[in-house]
Structures are given as structure tokens and as C-alpha cells.
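Chain order of the listed sequences is A and S.
Numbering-wise (the numbering used here), the first sequence opens with residue 1 and increments by one.
Numbering-wise (the numbering used here), the second sequence opens with residue 1 and increments by one.
Protein chains: 2
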Amino acid sequence: MRQAGRYLPEYRATRARAGDFMTLCQTPELACEVTLQPLARYPLDGAIVFSDILTVPDAMGLGLYFVEGEGPKFQHPLRDAAAIRRLGVVDPEARLDYVAAALRLIRRELAGRVPLIGFAGSPWTLATYMVEGGSSREFARLKTLLYDQPALLETLLAVLADSVAAYLTMQVRAGAQVLMIFDTWGGVLTPADYRRFSLDFMARIIEQLPREYEGRRVPVILFTKGGGQWLEAMADAGADALGLDWTVNIGEARRRVGERVALQGNLDPAVLYASPEHIRERVAGILEDFGAGSGHVFNLGHGIHPQVDPDHAGAMIQAVQAISPRFHV
Amino acid sequence: MRQAGRYLPEYRATRARAGDFMTLCQTPELACEVTLQPLARYPLDGAIVFSDILTVPDAMGLGLYFVEGEGPKFQHPLRDAAAIRRLGVVDPEARLDYVAAALRLIRRELAGRVPLIGFAGSPWTLATYMVEGGSSREFARLKTLLYDQPALLETLLAVLADSVAAYLTMQVRAGAQVLMIFDTWGGVLTPADYRRFSLDFMARIIEQLPREYEGRRVPVILFTKGGGQWLEAMADAGADALGLDWTVNIGEARRRVGERVALQGNLDPAVLYASPEHIRERVAGILEDFGAGSGHVFNLGHGIHPQVDPDHAGAMIQAVQAISPRFHV
């Protein structure tokens, strides 16, 4: 998950200097600065480029903007079939070079200390924002499209999958050593629709990615919020690891997916509101649930909340580093 | 799920006459009127009393009110341990008699045509509103309580469970022939916390309910939105049936719970945005997934959306009545 963010005062300072969120994302020096802030504060094992999943639809011409307190919006949401059919696969080198520039800069600054993670949104998740015009709770427009015109929705998802594949490939060339696909909204689908409209298009992305670069494996992590019911299917999509939210027991998940994939997760971000003592207990619980052996990347089960005390995030990281060695004998 | 609601013009007319939502709930004649509206329009197999899950915390003195477009709020949310410890088990006869009066009226008006369903919110779900002060996305206050002071949270949940048990018992005496417990927010918990803080307290309610009244079984339906991962545990809580949202395949759910409980569900309410033809296809799909035999109550997987065309709801009900007989040979 994103490591930088509003819970850090140093992030809020850079964000204020940038003026608005899009400038922060589109200015490589600023994106690099906020990417490195959590690493200066905490002994983390990885860095994740600071960006936003909606840069891809923005590059497709939808006009992304942010309204304070309301989340992301598009100036030109997809309102009819013609708008969907007009969309072409994005050329990331031409339209998203600012992300590549940020990755090159961050990679240089990291100087090999920790691996750098790149990411993108899943086609289904991007489609929710593109069709609804912003955040949604019920997804009335997109679900009407799904239930009434599934072939047209597949046309949209295919263009998005190929765009995301090109975008993630560019990220690898620019320095990303691990890739993560965020499917924030796959969990609002029926099991069959999840496979058809979310998972299959994530598999289509993974098929197109370079799985080795400069002689090293480029692992891909797949995360569907609310995907606990479909882990077996997710484990067959070609990814190296699955991200888990907190509604699944990580030990059960490990038994279900076996050795096919590693697991990332899965602390409820709300645990960080608790006292450091209780944070440590919950961290220990997850490490024990996973058990001995490799294949676990400790992480939150979703993004960190803006109101979290940075010292509490620190307590979590400290607990992981203190407790996890006993599971890796 | 609630059958009456804003999607019906006749409901909106009664609601306008009532002035505000609480008056509608608290005036037995008006609650009876809106309860019967869907039955006048559609060939339904059951009636569900029109009320709100938050009548119980209101009766406990929290002061429920509704702000247009913002959902329910409490004048006196639970802000500290003292406020929680001050709460006593509600006396439904004294504080919630308007619900009993509505049930008596509806039961008389129904004159045995269809069974009457009563309902209440789960203790965990009621606690989310009581501690947060209204609707929430992240449940920061309640989860802080859970992670830092679990015993205090259990004190609150126990008082709520005993209050809900008394309330549902009163509903049976007033004419409710089936009871439903709505756990709208149990799905935001970890599996272990779901059992400890939501399911166990629903089981505590069920233990206290009259399971027979006037010589007839009083079936209890348990519904946790997002509960698809824990159906086996839910099936052991003492209920007669489980409600399913649409993120689980009902045929799979049937195999998992076996003969222990009947199943209710599980059409995505957003299917009702689609054309009647596509609605029929989706209804047929669920009936086929469940398969032959008894033990299925067709229903939406959550509440009907206010923007739905009443004719589309009609198309769904017609499809169920046309297609389901072939599965009951």
C-alpha cells in the first residue's frame, strides 16, 4: 500500500508546497521526495512510488481532478457507448513519462538500499471511476453497463488492460523492481462476474508483463479488496503474490493457496488507532497465524488512514522487525 | 430486506404526509400503510414491518434523527466509558410500543394472506452507529474501542443483545411470525473478531427468543453483509436461515451449510437497473445455482436502491414466480 500520505507532517508540507495533488504526482522531484519520506522515518524493507491509480484514465483524456474532501473526479466521464469506443490504448511513454521520470529518480536515490515497487489500478477498478465520474458506493452506472451491455464493458476493460500492461512495462524499464495491481472494487461483484470482469483482465495484464528484467524476476502482486472468497482463483491468475485485506485469516489463506503464491498483508489499518501495546499484539497474531517459513510480506490490509499517529505506524514496523525473525529459522 | 421505500411513489407520498422519517416509523397507521404498499403492487409471499434498526438505540436514549442526504445521526453518541456503562437493557413495552402497535395493525390487515416478518439490527451493527454517531466508512472510533478496550465493547454488545432479544420477543407477541437480524457491518471485521464481537452476540439473542409461538415455529433469519467467508460459523449460531449478499454463489453456499439452515438471497440490488430481460436472466441464474429442492427464499442481497424503477422490481418478482416452480417438483 501507499506508504507516504497525509498521516505524515512532512508529506503535508510537500503537498502544500506542490499546491495540488496532481502537481505532486506529475512533478518527478516532488513525487520522489514524498516516496522517500517514510523510508527516512521508518526502517522499511521496500519503497513504493508515490502516484495515483487514476493517472491512466487521465492519460486517456478523461481529465482527472481532485476536490478537497470529495475525492477524485473526471471532467469527461464515460457517459455513452461512443465515448467508450473512442478510447484507445494509452501510450505511456508519451502521456505518463512523469511517472517514469519519478521512478528513475527514486531508483537512483535509493541506490539499492531497498527494492522499488511500481503499481497500477485494475481495469475493473479504473472503470468504476471512469464510468461513475468519481467515487461511488453503489456503482449504479457501471453495474447497469455490466448487466445490460456486458460486451461493451469488456471492450472498455480490454483497452484498460492493455493500457495498464503498457504502463507497468514502462515502469519496469524505468526502475520498478516489483509490480502491484490494485483491485479496490472487485469485491462488489458476484463470484462469476468477478472472474469475468475483473480477474480475467488482470490475468491479461500479467501475461503481457516482462517477468524478468536485467536478469532478475519482476514479481507481481495482485490485491483485490474483499477478495477473500476467491483466493484460489486469484492464485491461478499468474501473479507471484496475493495481497490480503483483514477479513481473511492469513493462515487459512496460506492453506488454501499452498505454495503457488506468496501472501502480503493483512493488518486492519484501524489497528493503528490502538495503543502501541495492542498494535504489537495484533502484529504478533498475524505473524503466528501465517506461521513458520517464507512467503509472507507483512503489510496493512488496505491504505493507511490519514488520522493515524505516525508513531503508531512506527510501533507496527518495529513490532514486525522484532517478532518476525522467530518465524524464519 | 425492506420492501417499502423511496423507489415507490406511493411511499414518497406517505412519507411527505408524515413530514419526517421518525414520525413515519412511530405512527402505527402510517407504518402499516407503507408496509402494505408493496403487497398491493406486487404478488409478494411475505410482508416486512416498516421500521428502522436504530429504533433500539433511540429507545436507549441516544436521540435518533435523520438529516436529508446524510443518513441517521444520534444527538448523544457514546463518547466515553461512562456513557457505555450507564446504558441499561431497554424495556421495549415502555419505549418501543409503537412498533408493537404497528405489527398488531399490519397483522390484522394482512388477515393471514402472507406471513409477517419482524426485524432488528445486530448488536455490532447498532454499536457502529451509537459509537460513531452516524454512518461511517472506517469505523475509527468503534475499532479503537475494539482494539484497545475489548471488554468495554463486550459490555456494550451484551446490553444491546439483551435489548434486541427483548425487542424481538415483543415483536413476536405483537404478531411477527418470522424474525430477521440484520448485521450490516459484520463484514468489516477480521474472522476472529467477527465471531467474538458480532456472531456470538447474535447467538446470545437467538438463545433468548421464543422459537415457538401459538403452536408455530418462529423462524429466525441471520444476515451479515459481507459474511460469505463465515457461512459455516453462521450456520451454527442457532438461526433457521441465513441471508446472503451477492458476493457468494448460492449453490456453493448450499453445499457449505448443508441441511442445517435455509438460504435467503441473493440478487445484487443493482441488477434492477438492468432491462427486464436481463433481470429475468439473473433471477434464473440464481434459481439454477440453488438447484432443485426446498430451503430457498428468493430475495435481494441487500436493500433496494431508491433510484430503481418499480416496474423493474415487478419484473424480478414475476420472474421468480414464473421460473421457480420448476425447481420444486
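Where a beta carbon is used, it is the ideal one built from N, C-alpha and C, also for glycine.
Remember, predicted model here, so these are calculated numbers, not experimental data.
Residue nearest to residue i in terms of C-alpha spacing, selected from the options
i: S/G134; options: S/R15, S/Q177, S/L54, S/R173; result: S/L54
i: A/P57; options: A/A161, A/I221, A/E281; result: A/A161
i: A/G19; options: A/P310, A/A82, A/L62, A/F66; result: A/F66
i: S/R6; options: S/W230, S/G69, S/R255, S/E29; result: S/G69
i: S/I205; options: S/Q229, S/W124, S/Y11; result: S/W124
i: A/S136; options: A/L78, A/G71, A/M170; result: A/G71
i: A/A192; options: S/L267, S/R326, S/A140; result: S/L267
i: S/F327; options: S/V308, S/G112, S/G291, S/H305; result: S/G291
i: A/V89; options: A/R2, A/G61, A/R113; result: A/G61
i: S/P169; options: S/G243, S/K143, S/E259, S/P210; result: Pro is not the amino acid found at residue 169 of chain S; the sequence shown has Thr there. Selected option, being the one with the closest Cα: S/P210.
i: A/T184; options: A/G228, A/R113, A/G215, A/E214; result: A/G228
i: S/G121; options: S/L199, S/G112, S/R113, S/D148; result: S/L199
8 Å Cβ cutoff, residue i in contact with chain S
i: A/Q307; result: yes
i: A/Y147; result: yes
i: A/V248; result: yes
i: A/H278; result: yes
i: A/Q229; result: yes
i: A/D80; result: no
i: A/D45; result: no
i: A/D268; result: yes
i: A/A274; result: yes
8 Å Cβ cutoff met for residue i and residue j
i: S/L64; j: S/L156; result: no
i: S/P269; j: S/H312; result: no
i: A/S324; j: A/L300; result: no
i: A/D240; j: A/A262; result: yes
i: A/Q321; j: A/P43; result: yes
i: S/G186; j: S/T247; result: no
i: A/L39; j: A/T14; result: no
i: A/A165; j: A/R195; result: no
i: A/F201; j: A/M130; result: no
i: S/P92; j: S/Y167; result: yes
i: A/V220; j: A/I181; result: yes
i: S/A140; j: A/Y98; result: no
i: A/T35; j: A/A4; result: yes
Chain A within 8 Å of residue i, Cβ atoms only
i: S/A233; result: no
i: S/E70; result: no
i: S/E138; result: yes
i: S/T14; result: no
i: S/S294; result: no
i: S/P330; result: With chain S running from 1 to 329 in the structure shown, residue 330 of chain S is simply not present.
i: S/Y167; result: no
i: S/G243; result: no
i: S/T155; result: no
i: S/K143; result: yes
i: S/G5; result: no
i: S/V320; result: no
i: S/S122; result: no
i: S/G187; result: yes
Proximal residues to residue i (C-beta, below 8 Å), its chain only, five neighbours per side dropped
i: S/L116; result: G46, A47, I48, V49, L103, I106, R107, L110, G175, A176, Q177, V178
i: S/P310; result: Y7, L8, P9, R41
i: A/L126; result: I53, L54, V56, P57, L160, V164
i: A/G238; result: A203, I206, E207, V220
i: A/S51; result: C25, A31, V99, A102, F119
i: S/G226; result: G186, G187, V188, D245, T247
i: S/T23; result: L30
Spatial neighbours of residue i in its chain, beta-carbon cut-off 6 Å, leaving aside the 5 residues before and after
i: A/D289; result: N249, I250, G251
i: S/G118; result: V49, Q171, A176, L179
i: S/A319; result: R280, V283
i: A/A315; result: P276, I279
i: A/H305; result: P269
Beta-carbon contacts of residue i that lie in its chain and below 7 Å, excluding the five residues immediately before and after
i: S/R95; result: A59
i: S/L152; result: A81, I84, L145
i: A/G295; result: A262, L263
i: S/F197; result: W124, L146, L153, L157, L189
i: A/R256; result: L231, E232
i: S/V271; result: I279, R282
i: S/E212; result: V218
Residue-chain proximity (residue i, chain B), Cβ-Cβ < 8 Å
i: S/A253; result: Although the question refers to chain B, the structure presented lacks it and instead comprises the protein chains A and S.
- [ ] Mind listing, in chain order, the continuous alpha helix (DSSP H) runs of no fewer than 4 residues lying wholly within the segment 126-182 of chain A?
- [x] If we require 4 residues or more, the alpha helix (DSSP H) runs fully inside the segment 126-182 of chain A come out as 140-148, 150-174.
TODO: Quick one: which unbroken alpha helix (DSSP H) runs of 4-plus residues sit fully inside the segment 198-260 of chain S? Chain order, please.
DONE: Counting only runs of 4 or more, we get 200-208, 231-235, 250-257.
TODO: Starting from the N-terminal side, write out each stretch of the alpha helix (DSSP H) that is 4 residues or longer and does not extend beyond the segment 14-101 of chain A.
DONE: For the segment 14-101 of chain A, whole alpha helix (DSSP H) runs of length 4 or above, ordered along the chain, are 21-26, 28-41, 81-86, 92-95.
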